[in-house]
Every structure is written in C-alpha cells, then in structure tokens.
C-alpha cells in the first residue's frame, strides 16, 4: 500500500505487503491480480535464466538499465550491503542461494545508486505484520525500476503460530523480502521485518537484517505511524519518523 496521503496508480508493491494486510488483515489475504508472466509483443527483456522484463506501462521511477542476466547466475554465498539512513545503518546480508535473481537485481540497483536519496514510505504495526517498506524513489509506493521478474518463493518457512488455518508462514524478525503486486511482479521495493509477522509465502525472501540494523529498525518503529486527519492513530502508513536512505553500499568480502 502506498503512502496513505497519496493515491496510487497501481497496487503498491506489498498492496504488496498490503500486500496483503489491508488485504491480509482485513480481507483475509486475497492476492492482487498480476501482470502476465509472458512478455507482451514488442516489450524488451533479458534472455538469461532470470528473464528481467521491461515494463513500459510502468516506467522507472528513476532511470536504470535492465540488470545483467548471465547464463550462470551466481547462486552461492552471501553479499553484505548497508543502507545508510538518517537513523543509523541498516546492515543487510543478501543470500544468493535463497534468491539468486533477486540478489542480482538488488545489487544492480545498488550499483546504479537507485536506492540512494530515497525514503521508506510505509511502516506497518499490525499484530501480525510489522515491517518497514522501502525501495521506491518516488516515495508514493507505486514506483519501481521499470522492469519486473519472477518470484523465488521460500519453501522452508515454518507455519505462523498466530494463524490457526496454517496457510500463513512466519516471516521472522530480521527477514529481508521483496514486496510485490501479485505473482511475478518483483521490482525494486522490499520490506524489512522488525517483529515476527504472518504472511502467505508469496514474498521472496532474499536475506536478513543484522543486529545493528534491527536496532535502527526498532528506533524507527518506536516512533509509530504518522497520524492523518482521517486516522489519528494509524497502524499502517508513512513512518512518523521519516526514514531517508542516504546511500546503499555493497561491501566486498575480504
């Protein structure tokens, strides 16, 4: 869901996490209708195993080329990245084995400074969904990189103890995952889980947040969600403490 003070052109990535929550908490988690996975005639895309597909109908919020798509996508090891924010560093450890195409895309966007000088537009504080959502340079919740790619969904998440139906899985505190607007619509938006959350396993997990990063997230979450005229005590919306990603920086292993 986008910043609640602005309308959205499309379902946000994470109507995406509301991705189900509006949808998840309020309506039981019905998934949004997604764009077809097959490239329409005349659209650009890569031809490797990840198949990054240009989305001219949803142009990039900030100019960036399609990611590289080598025949042998790296699928081993981890890559550290730090999001330097106005509240402190948020260290991420990207897991190539869990989601090689997602990690490749995230590193591509980091290298092209796509995430620099952007704001995290959404904070949720539901009992079963506690995340900070970032990755849209437009700050509206509807922006992306001008391309999409397929899900790399987790298969080993334990059942969420708060869901008696057994349909939702535990996205544990410290999880790093992709927001989306339905199947195979990954782009640039991602979410950071600061407290155990219950979601259908429809969101690609591609890494984790380090202890220092979780401390930063806790400070942000403690500020709550910014009140609006319509809702003086919201649990979903813009963070009351604005979150500015000043720079996203990859670190190379020594």
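Residue numbers (the numbering used here): 624 to 877. We put the CB at the ideal spot given by N, CA and C, even for glycine. For clarity, every value in this text was computed on a predicted model and none was experimentally measured.
Candidates 832, 803 and 731, of which the one nearest residue 766 by Cα: Against the chain shown, residue 766 aligns to sequence position 143. Among 832, 803 and 731, the Cα nearest to that of residue 766 belongs to 803.
Note down, in chain order, each residue of its chain lying with its Cβ closer than 7 Å to the Cβ of residue 732, except the 5 sequence neighbours on either side. Translated into the one-based positions of the chain shown, residue 732 becomes position 109. The residues are 687, 738, 768 and 811.
If you drop the 5 nearest sequence neighbours on each side, which residues of the same chain put their C-beta closer than 7 Å to that of residue 660? In the chain shown, counting from the first residue as 1, residue 660 sits at position 37. Unreliable positioning characterises residue 660 in this predicted model, as indicated by a pLDDT of 35, which lies under 50. A coordinate reading is not provided.
Under three-state DSSP, which class holds residue 812? Looking up residue 812 in the chain shown gives position 189. Three-state result, residue 812: coil.
Beta-carbon contacts of residue 791 that lie in its chain and below 7 Å, excluding the five residues immediately before and after: On the chain shown, position 168 is the one that residue 791 refers to. The residues are 783, 821, 822 and 823.
Please return the same chain residues whose Cβ sits closer than 6 Å to the Cβ of residue 785, not counting the five positions on each side in sequence. Here the question's residue 785 lines up with position 162 in the chain shown. Cβ neighbours of residue 785 beyond the five flanking positions: 751 and 821.
Quick check on residue 681: buried or exposed, where buried means 16 or more other Cβ atoms within 10 Å of its Cβ? Within the chain shown, numbered from 1, the residue matching residue 681 stands at position 58. Buried, by the Cβ-count rule.
Runs of alpha helix (DSSP H) wholly within the stretch 788-857 (minimum 4 residues, chain order): 834-845
Using only the alpha-carbon positions, how far apart do residue 947 and residue 814 sit? For residue 947 there is no data in the structure shown, the boundaries of the chain being 624 and 877.
Span of the beta strand (DSSP E) holding residue 712? In the chain shown, residue 712 corresponds to position 89, counting from 1. Run containing residue 712: 711-718, per the beta strand (DSSP E) assignment.
Decide if residue 845 is buried, meaning its Cβ has at least 16 other Cβ atoms within 10 Å, or exposed. Position 222 of the chain shown, counted from the start, is the residue given in the question as residue 845. By the 10 Å Cβ count, residue 845 comes out exposed.
In chain order, which continuous runs of the alpha helix (DSSP H) of length 4 or greater are located wholly inside the stretch 692-765? 723-734
Using only CA atoms, which one of 841, 843 and 863 lies nearest to residue 850? Taking the first residue of the chain shown as position 1, residue 850 is located at position 227. That would be 863, whose Cα lies nearest to the Cα of residue 850.
Less than 8 Å between the CB atoms is what I'm expecting for residue 801 and residue 770, so what's the real figure, rounded? One-based indexing of the chain shown puts residue 801 at position 178. One-based indexing of the chain shown puts residue 770 at position 147. Wrong, their Cβ atoms sit about 13 Å apart, outside the cutoff.
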